[in-house]
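Engineer: Chains as they are written, first to last, in the working numbering: chain W, 1 to 322; chain E, 323 to 614. For glycine and all other residues, C-beta sits at the position ideal for the given N, C-alpha and C. Input: one structure, supplied below.
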C-alpha cells in the first residue's frame with residue numbers, strides 16, 4: 001500500500017468516525033464549533049500546501065478566503081443565485097484572483113513574496129472598507145458595492161433552515177465535513193503526488209532539479225492557484241454558515257489564529273495543520289474566560305513555537321519515533 | 323503654484339516620516355536577513371512611551387523622545403536576544419523570524435492596548451502655528467517632522483560611514499562570513515542594529531502620532547508602507563530606501579490630490595507591483611546570483 005493510499009484511507013476512516021458525532025452529541029454549541037473547525041481545517045490544509053510544501057510565503061490566504069466569502073455573498077445578494085450554485089462559482093473566482101496574485105508575486109524571492117501578498121491583502125481590505133459610495137439603497141440603508149464596513153447579510157442560505165427547521169446546523173456539519181475531507185484529500189494528493197515530489201526535489205537539490213526541467217515558478221503557480229479553490233470554497237461555506245460577511249474576515253487576529261494553527265501543528269506535514277487547528281481551537285476555548293488576554297496568548301504561542309519547536313507538534317512525533 | 327507648494331509640503335512630510343521608519347527596517351534586513359514584523363508595534367510603543375514620559379512624568383519634549391528611543395532600543399535588544407539569536411543558525415531563519423515577529427508584534431500591541439486603552443489619544447509633542455508660503459499654510463509641525471527626519475538620516479549616515487560600529491555593520495551586511503573571519507563579533511553587530519532600528523522606530527512613531535494621534539494599532543499602516551518602500555528600493559539597501567521613501571511620499575501626495583485619499587494606497591501599490599515586475603529585485607537591489 002502506497003503512502004498516499006494509506007493517508008487517504010486514514011483520512012476517510014477519521015471522517016467516518018466524525019460523521020457519527022452528531023448522533024452521539026446533541027449540544028448545538030459543540031456541533032457548530034466543529035463545523036467551524038472544518039472551515040478552518042480547509043483553510044489551513046491549503047495554506048500549508050502553499051507555505052509548507054510549495055515554499056510560497058503567502059500572507060494573502062485570508063484575503064483569498066475573504067474573496068470566496070464575498071463572491072458568494074455578492075452573487076447571492078445582487079443576482080439572487082442559490083448559494084449551492086454560488087459556492088463553486090466563488091471557488092472559481094478565487095482561483096482566478098489567486099492566479100493573478102501568483103503571476104505578479106511568484107517570480108520574486110521569498111521575503112518579497114511575503115510583503116507583496118500582505119500588501120495586496122491590505123489593499124483588498126482598504127478597497128472594501130473605504131468605499132463609501134452607495135451602490136444600492138436597500139431599506140436597511142446605503143450599501144456600497146463591496147458592502148463597506150457593514151458587509152452583507154440576507155443573501156440566502158443553503159436551504160437546510162427551511163428543510164430541517166431548528167436542526168439545520170446538523171446538516172451544515174455534514175456539508176462542512178464533506179468539504180473538509182475533499183480539501184484534505186486534495187492536499188494529500190498534492191503532497192504525495194508529482195507536485196509534492198517536484199518541490200521535494202527542489203528542496204533537496206535545486207541545481208539538479210532545475211537542470212532536469214523542474215520549473216519552480218510553474219509548479220508554485222499551479223499549487224497557489226489550485227489550492228485557492230478550496231480556500232475560496234471554505235470562505236464560501238463560512239458565508240453560508242454564518243449568513244453574514246463583513247470585513248472582520250480580514251482581521252490580523254484571524255490571520256494570526258490560522259497561521260498559529262499551521263506553525264503549532266507542523267509546517268509542511270500532512271497531519272500537522274489539522275492537529276494544530278484542533279489544538280488551537282481547544283486552547284482558544286480554554287482562553288475564552290480570559291477574554292482580552294486571548295490575543296496576547298496567541299502571539300506568545302506563535303512566537304514560542306517558532307523559536308522553541310519550529311517543526312511543530314507533528315515534528316515532535318517524528319522525533320519520538322526515531 | 324499653490325497646489326504645487328501644498329503637494330510638496332505634504333509629500334515631503336509623508337516621505338520624511340516614512341524614511342526614518344524604513345531606514346531601521348532596511349538596516350535590520352541588510353545585516354540579519356530579518357524582516358521585523360513587530361516594527362509597527364515598536365512605532366506605537368515609541369509614541370506611547372513619549373506620551374507617558376511627557377504627561378505622567380512631566381518631562382520636556384526632547385527628554386520624552388529620548389526616553390522613547392531608549393525604551394524601543396531595549397525592546398529591539400530583547401527581540402534579538404529572545405527571538406532572533408536562538409534561531410540564527412536555522413536553515414529557514416528568514417521564514418521563522420518573520421512568523422515569530424508577527425507573534426511578538428501582536429503581544430506588544432495588545433500589551434499597549436491593555437495599558438493605555440483603545441481610545442485614540444493626542445500626542446502632546448505638537449507644535450501649533452504655521453508658516454504661510456504664497457497662499458498655503460505649512461504647519462510648524464510638518465517643518466519639525468522634516469527637520470527631525472533629516473537630522474536622523476544624517477546621524478545614521480555618519481554612524482554608518484564614520485564610526486567603527488558603522489564599519490562593522492556595513493561589513494556584516496556585505497558578507498557575514500568574511501566579517502566574522504576578520505574578527506567582527508557579528509552577534510554584537512546584530513544586537514546593535516536591532517537597538518538602532520528600535521530607536522529610529524521610536525522617533526518615527528512619535529512623529530507619526532503627532533499628526534494622526536495615538537492608537538495601539540497605529541503602526542500597522544506605516545509599517546506596511548515602510549516594507550513596500552524597502553521592497554521597491556531593494557531589500558537591505560539603506561540609502562535607496564531613504565530616497566524611495568521621499569519619492570513615494572511625494573507620489574502619494576500627488577495621488578491623493580488627483581484621485582482622493584481613499585484609494586491612494588491601492589494605487590501606490592499597483593505602481594509598486596508594476597515596478598517589481600519590471601525589476602524583481604527592486605530599483606537599487608542587485609539581482610542576486612544564486613549559486614547552487
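Show which residues of chain W have a CB atom less than 8 Å away from the CB atom of residue 317 of chain E.
Structural biologist: Residue 317 of chain E is absent from the structure shown; chain E starts at 323 and stops at 614.
Engineer: In the DSSP assignment, what are the bridge partners of residue 152 of chain W?
Structural biologist: Residue 152 of chain W pairs with W:245.
Engineer: Who are the near neighbours of residue 150 of chain W in its chain, counting only those whose CB is closer than 7 Å to its CB and skipping five residues on each side?
Structural biologist: 246, listed in sequence order.
Engineer: Residue 574 of chain E versus chain W: which residues are under 7 Å apart at the beta carbon?
Structural biologist: Chain W residues near residue 574 of chain E: none, gap ~13 Å exceeds 7 Å.
Engineer: Interface residues of chain W around residue 353 of chain E at Cβ under 8 Å?
Structural biologist: The premise fails here: residue 353 of chain E is roughly 14 Å from chain W at the closest Cβ pair, so nothing lies under 8 Å.
Engineer: Can you tell me whether DSSP reads residue 143 of chain W as helix, strand or coil?
Structural biologist: DSSP places residue 143 of chain W in strand when its eight states are reduced to three.
Engineer: Beta-carbon within less than 8 Å of residue 254 of chain W's beta-carbon, same chain only, minus the 5 sequence neighbours each way: which residues are those?
Structural biologist: Once the five neighbours on either side are set aside, the close Cβ partners of residue 254 of chain W are 62 and 248.
Engineer: Sort E:581, E:495 and E:573 by Cα distance to residue 349 of chain E and report the nearest one.
Structural biologist: Ranking E:581, E:495 and E:573 by Cα distance to residue 349 of chain E puts E:495 first.
Engineer: Mind listing which residues of the segment 410-422 of chain E have their C-beta closer than 9 Å to chain W's C-betas, in chain order?
Structural biologist: Residues passing the 9 Å Cβ filter: 412, 414, 416, 417, 418, 419, 420, 421 and 422.
Engineer: Does the contact criterion of 3 or more C-beta pairs under 8 Å hold for the segment 284-292 of chain W versus the segment 101-110 of chain W?
Structural biologist: No: fewer than three Cβ pairs fall under 8 Å.
Engineer: Taking 8 Å as the CB-CB cut-off, is residue 549 of chain E touching chain W?
Structural biologist: True, the Cβ-Cβ gap to chain W drops below 8 Å.
Engineer: Ends of the alpha helix (DSSP H) at residue 599 of chain E?
Structural biologist: Per DSSP, residue 599 of chain E belongs to the alpha helix (DSSP H) from 586-600.
Engineer: Counting only Cβ pairs nearer than 8 Å, list the residues of chain E close to residue 130 of chain W.
Structural biologist: In chain order: 584 and 585.
Engineer: Can you tell me whether DSSP reads residue 136 of chain W as helix, strand or coil?
Structural biologist: Residue 136 of chain W: strand per DSSP, three-state reduction.
Engineer: Should residue 166 of chain W be labelled buried (16 or more other beta-carbon atoms within 10 Å of its own) or exposed?
Structural biologist: Classification for residue 166 of chain W: exposed.
Engineer: Give a yes or no on whether 8 Å exceeds the smallest Cβ distance from residue 204 of chain W to chain E.
Structural biologist: By this cut-off, residue 204 of chain W is not an interface position.
Engineer: Closest to residue 242 of chain W by C-alpha separation, out of W:297, W:317 and W:33, would be which residue?
Structural biologist: Comparing Cα-Cα distances from residue 242 of chain W to each of W:297, W:317 and W:33, the minimum goes to W:33.
Engineer: Could you give the first and the last residue of the continuous alpha helix (DSSP H) run that contains residue 19 of chain W?
Structural biologist: Residues 3-24.
Engineer: Name, please, each residue of chain E whose Cβ falls closer than 9 Å to the Cβ of residue 57 of chain W.
Structural biologist: Result: 416, 417 and 420.
Engineer: So what's residue 411 of chain E in DSSP terms, helix, strand or just coil?
Structural biologist: Residue 411 of chain E: coil per DSSP, three-state reduction.
Engineer: Between residue 512 of chain E and residue 411 of chain E, what straight-line distance do the alpha-carbon atoms span, to the nearest angstrom?
Structural biologist: Rounded to the nearest angstrom, the two C-alpha atoms are 14 Å apart.
Engineer: Residue 536 of chain E bridges to which residues according to DSSP?
Structural biologist: BP columns for residue 536 of chain E point to E:443.
Engineer: For residue 192 of chain W, I'd like the list of residues in its chain whose CB is within less than 6 Å of its CB, leaving aside the five on either flank, ordered along the chain.
Structural biologist: So the qualifying residues of the chain are 3 and 4.
Engineer: Considering residue 455 of chain E, what are the terminal residues of the beta strand (DSSP E) in which it resides?
Structural biologist: Note, residue 455 of chain E: beta strand (DSSP E), 452-455.
Engineer: Output, in sequence order along the chain, the residues in the segment 428-451 of chain E whose CB is closer than 9 Å to any CB in chain W.
Structural biologist: Listed by position along the chain: 428, 429, 430, 431, 432, 433, 435 and 436.
Engineer: Please classify residue 293 of chain W: is it buried, with 16 or more other beta-carbons within 10 angstroms of its beta-carbon, or exposed?
Structural biologist: It is exposed - the Cβ of residue 293 of chain W has fewer than 16 other Cβ atoms within 10 Å.
Engineer: What residues in its chain sit with their C-beta under 6 Å from that of residue 352 of chain E, if we drop five residues either side in the sequence?
Structural biologist: Hits under 6 Å: 495 and 558.
Engineer: Given a limit of 7 Å on CB to CB distance, which residues of the segment 130-144 of chain W reach chain E?
Structural biologist: Cβ contacts with chain E: 130.
Engineer: Would you list the one or two residues that DSSP bridges to residue 460 of chain E?
Structural biologist: In the DSSP output, where bridge partners are listed per residue, residue 460 of chain E has E:453.
Engineer: By a C-beta neighbour count over all protein chains shown, 10 Å radius and 16 as the cutoff for buried, is residue 29 of chain W buried or exposed?
Structural biologist: With fewer than 16 Cβ atoms within 10 Å of its Cβ, residue 29 of chain W is classed as exposed.
Engineer: Look at the Cβ atom of residue 384 of chain E, then the Cβ atom of residue 375 of chain E, and state whether they are nearer than 8 Å.
Structural biologist: No, the Cβ-Cβ distance between residue 384 of chain E and residue 375 of chain E is not below 8 Å.
Engineer: Cα separation between residue 606 of chain E and residue 591 of chain E?
Structural biologist: Those two C-alpha atoms are separated by around 18 Å.
Engineer: Could you tell me the distance, in whole angstroms, from the CA atom of residue 546 of chain E to the CA atom of residue 115 of chain W?
Structural biologist: About 8 Å.
Engineer: Note the first and the last residue of the continuous alpha helix (DSSP H) segment covering residue 491 of chain E.
Structural biologist: Here the alpha helix (DSSP H) through residue 491 of chain E covers 486-496.
Engineer: Check for me: the alpha helix (DSSP H) holding residue 117 of chain W runs from which residue to which?
Structural biologist: Residue 117 of chain W -> alpha helix (DSSP H) spans 110-130.
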